[in-house]
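Each remark here refers to the structure printed beneath this line.
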Amino acid sequence: MKSHLRDLLTQAIEKTAKGEELKMTDLPPLLLEPPKQKEFGDLACNVALIWAKQQRKPPRAIAEAILKNLEDRDGILARAGIAGPGFLNFSFSPKFYYQRLGEFAAGKELEPNLGRGEKVQVEFASVNPTGPLHVGHGRVAVIGDVLARLLGAVGFDVEREYYVNDAGNQMEKLGLSLYLRYRELYGEKIAFPEDGYPGEYVKKLAADAGRQWGEKFLSEASDATIAFFSQYGGENLLAAIRSDLSAFGITFDSFVSEKNLRARGEVEETIPLLSDRGMLYEQEGARWFRSTAYGDDKDRTVIKSNGELTYFLSDIAYHRNKLERGFKKLINVWGADHHGYVPRLKAALSALGYDPQLLQVVLVQMVHLTRGGEPVRMGKRQGEFVSLREVVDEVGADAARFFFLMRKSDSHLDFDLELAKKESSENPVFYVQYAHARIASIFEQARQAGLEVDDVIMRDIKVECLAQPEEIELIKRVIQFAEVIEESVKELEPHRLVFYLLELAGEFHRYYNRFRVISDDPALTKARLLLVRNVQKVIRRGLNLLGVTAPLKMAARSEETMS
RNA sequence: GCGCCCGUAGCUCAACUGGACAGAGCAUCAGACUUCGGAUCUGAGGGUUGGGGGUUCAAAUCCCUCCGGGCGCGCCA
């Protein structure tokens, strides 16, 4: 939509520049956007206002000159005018919309090709395998998942990766916690450490270990035993995490283990790389990375005075490893509580000679669970968060995903469990799914009336029959899909797609209530079937990109879907 | 104390990154099918965009300041 007008306008501006001897070089990129008020048309452009300042001419005069030079040979515009301080306002002709709808119906790609096969990586979830996923992790995971889906849809070669922190102190603490619970099984009174993992799942795992190995480890309280329990716990918990995610529709292309990274020596390799560039120094027996040289608040330790490597060093090595694999873009999806971590990692990339812009970090704020408006208490002290699994079991994967995506990621999310379960118009996910199912139902009706609905997409459709303003609006909304996807990807903001789908569904429901698709007029019926078929197509595609099912029937959580 | 994020209708949030009279949903009130699914639709009320200053043709958006909320600031992970 924008691109068609942009071409016309660019030509007009070039011509104007020649005629008026204005300097093209000062011209900012053309901004076209739908005005808030409908009276101003479909798209507005502020170029005259911006240009005016640099050229020291009145904006309206410039706007007039541009308009005079506008040649709409194909008649795509119905109206072009000047308003207010010098905005150029444009409305497309119905003919233009009919053509776009025709392209759509003929199977034109729904998404623009922005990626052109470029390799990008999305790393997300990456939760330490020291416990089950909670709701906050679920939001991070879904946002990462949908970003990956969106990037793939616009032609990037996407890899989805999970980084497993399976080395270091936390794993040791897990191992120790498990081992202590294990000894407890056999009647021993233990003093559970303050910084251990207190969750019930630890006891459960310990009990499993007891069943499997009996008293074997009771007499062997060695480091090797702790290490064994660490590994045992880590593997089991990672498996549980993967199974929770998979029940939530989320899978990965690769898992990168920190332990392996260390074993391969990649972590230590980064030390000379940094020190050769003068980015490391010694202080009080430890080695520090000069991250302040690249804007971080303070320098960061990479090797502790006891010789242990920090997680930060592993992370540097890991991100170097990513870039060496040839990704042109790295996207990390993190909980917002890690935001302080971004500058040091970018600093490290800079220090290694990479462009820090290659890395984009999407921060995801936390989730407040409520039930009918009342907050759901989470006893953080007992280490008992509400798990992702519980939420998905209660409200279903579709609703949970949709709700997690309904807000901009850097704002807090209120998630009401009661609302998510409701099967009514209050529940946004049902509202959108219902629009899809309703269209399916129209086609079922048409089929029963003996109409050849399978051919409706291609043959002998008089789109000009769609003369109602509501129909033009609906076409407009449908073809806007590509732009919404583009914005969602560019800004890495999947919530834009969610809002779009809600609007499209709303527009369809209103249309449905006002007009009958199937009528006595065969030509009109066909044209309207074509229109709603394409509404349905876009809704289905949009829901799929969100990982939400598009049901053909809404009856009692139907499993029936179109893929 | 320092840094980052947030503050928009009673509630939950949008606003295409500086554009024209700030928009939705929920809630409230009043309405709509003997025909395609009422899980829907129509209408009404509701705002000094936390306060104050500034930048400019134009500010919810950018800058300063204050208020309020969240998070982060370790040789933790």
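At position 546 of the first sequence (counting the first as 1) the number is 1376 in the working numbering, and the numbers step up by one without a gap. Backbone N, C-alpha and C fix where the C-beta goes; we use that ideal spot for every residue, glycine too.
Excluding the 5 residues flanking residue i on each side, which residues of the same chain have their C-beta closer than 7 Å to its C-beta?
i, result
"Glu1002", "Ile1056 and Ser1060"
"Leu980", "Ile1315, Ser1318, Val1319, Pro1324 and Leu1375"
"Ala1353", "Lys1292 and Cys1295"
"Leu1249", "Glu1256 and Asn1257"
"Ile1369", "Val1262, Ala1265, His1266, Leu1331, Leu1334, Ala1335 and Ala1380"
"Glu850", "Ala895"
"His1339", "Ala1265"
"Leu835", "Leu862, Leu873 and Phe920"
"Asn876", "Leu861 and Phe917"
"Tyr1031", "Gly961 and Pro962"
"Ser923", "Gly905, Ile906, Leu907 and Ala908"
Between which two residues does the beta strand (DSSP E) harbouring residue i extend?
i, result
"Thr1200", "Val1197 to Arg1201"
"Leu1193", "Leu1189 to Val1194"
"Ile1133", "Arg1130 to Ile1133"
"Arg1117", "Ala1116 to Phe1119"
"Phe1078", "Element bounds for Phe1078: n/a, residue is neither H nor E."
"Ile1161", "Lys1159 to Gly1165"
"Tyr1111", "Leu1110 to Gln1113"
"Gly911", "Leu907 to Ala913"
"Leu1243", "Leu1243 to Asp1246"
"Tyr1027", "Premise fails: Tyr1027 is in no beta strand (DSSP E) and is neither H nor E."
"Gln951", "Lys949 to Glu953"
What does the Cβ neighbour count give for residue i, buried or exposed, with the cut at 16 atoms within 10 Å?
i, result
"Arg1346", "exposed"
"Leu861", "exposed"
"His964", "buried"
"Arg1041", "exposed"
"Glu1112", "exposed"
"Ala1276", "buried"
"Phe1245", "buried"
"Tyr1016", "exposed"
"His1242", "exposed"
"Gln1212", "Confidence at Gln1212 is low in this model, with a pLDDT of 47, below 50, so the placement of that residue is unreliable and no value is reported for it."
"Val1149", "Strictly speaking, residue 1149 in this sequence is His, with Val absent from that position. So His1149 ends up on the buried side."
"Glu1301", "buried"
"Ile1080", "buried"
"Arg903", "exposed"
"Gly966", "buried"
"Phe1260", "buried"
"Lys868", "exposed"
"Pro959", "buried"
Which same chain residues, not among the five before or five after residue i, have their C-beta less than 6 Å away from its C-beta?
i, result
"Arg990", "Val952, Ala978, Phe1082 and Asp1083"
"Lys1306", "none"
"Arg1219", "Asp1074"
"Phe1273", "Val1283"
Which stretch, first to last residue, makes up the alpha helix (DSSP H) that contains residue i?
i, result
"Gly849", "Lys832 to Glu850"
"Gln884", "Val877 to Gln885"
"Val1172", "Val1172 to Ala1181"
"Leu1382", "First-last for Leu1382: undefined, no H or E at that position."
"Lys1320", "Phe1311 to Glu1321"
"Ser921", "Where Ser921 is concerned, there is no enclosing alpha helix (DSSP H), although the beta strand (DSSP E) it sits in stretches over Phe917 to Phe922."
"Val1032", "Glu1030 to Trp1043"
Within a Cβ cutoff of 8 Å, which residues of the same chain sit near residue i, ignoring the five residues on either side of it in sequence?
i, result
"Pro889", "Ala878, Leu879, Trp881, Ala882, Pro915 and Gly916"
"Met1109", "Phe1119, Arg1120, Ala1123 and Ala1181"
"Asn1151", "Val1086, Leu1091 and Glu1096"
"Lys1210", "Confidence at Lys1210 is low in this model, with a pLDDT of 46, below 50, so the placement of that residue should be treated as unreliable; the coordinate-derived value is given next. No residues qualify anywhere along the chain."
"Arg1130", "Trp1118, Phe1119, Ser1121, Thr1140, Phe1142 and Arg1174"
"Ile1309", "Met831, Tyr927, Arg930, Leu931 and Phe934"
"Tyr992", "Glu953, Phe954, Ala955, Ser956, Phe1082, Ser1084, Phe1085 and Val1086"
"Phe1234", "Gly968, Arg969, Val972, Ile973, Val1197, Leu1243 and Phe1245"
"Thr1355", "Ala1276, Leu1281, Val1347, Ile1348 and Ser1349"
Throw me the rounded Cβ distance for the residue i and residue j pair, which I believe falls under 8 Å.
i, j, result
"Ala955", "Asn899", "That pair is no contact at about 54 Å."
"Asn1364", "Ala935", "6 Å"
"Asp1126", "Ala1177", "5 Å"
"Gly985", "Leu944", "6 Å"
"Ala1116", "Ile1101", "Their Cβ separation, rounded to whole angstroms, is 13 Å, which puts Ala1116 and Ile1101 out of contact at 8 Å."
"Leu1322", "Gln1190", "7 Å"
"Val1225", "Val970", "About 18 Å; that fails the 8 Å criterion."
"Glu1088", "Ser1144", "5 Å"
"Lys1033", "Arg1011", "5 Å"
"Leu1153", "Arg1201", "Wrong, their Cβ atoms sit about 44 Å apart, outside the cutoff."
Please find out if some non-hydrogen atom of the ligand ATP comes closer than 7 Å to the beta-carbon of residue i.
i, result
"Gly985", "For the ligand ATP, the structure offers nothing, since it holds no ligand at all."
*asked:* When you compare the region 1254 to 1266 with the region 1275 to 1294, are there three or more beta-carbon pairs, one atom per stretch, that lie closer than 8 Å?
replied: Short answer: they don't touch.
*Do the region 925 to 941 and the region 1189 to 1203 make contact, defined as three or more Cβ pairs closer than 8 Å?*
In short, these stretches do not touch, since the Cβ pair count stays below three.
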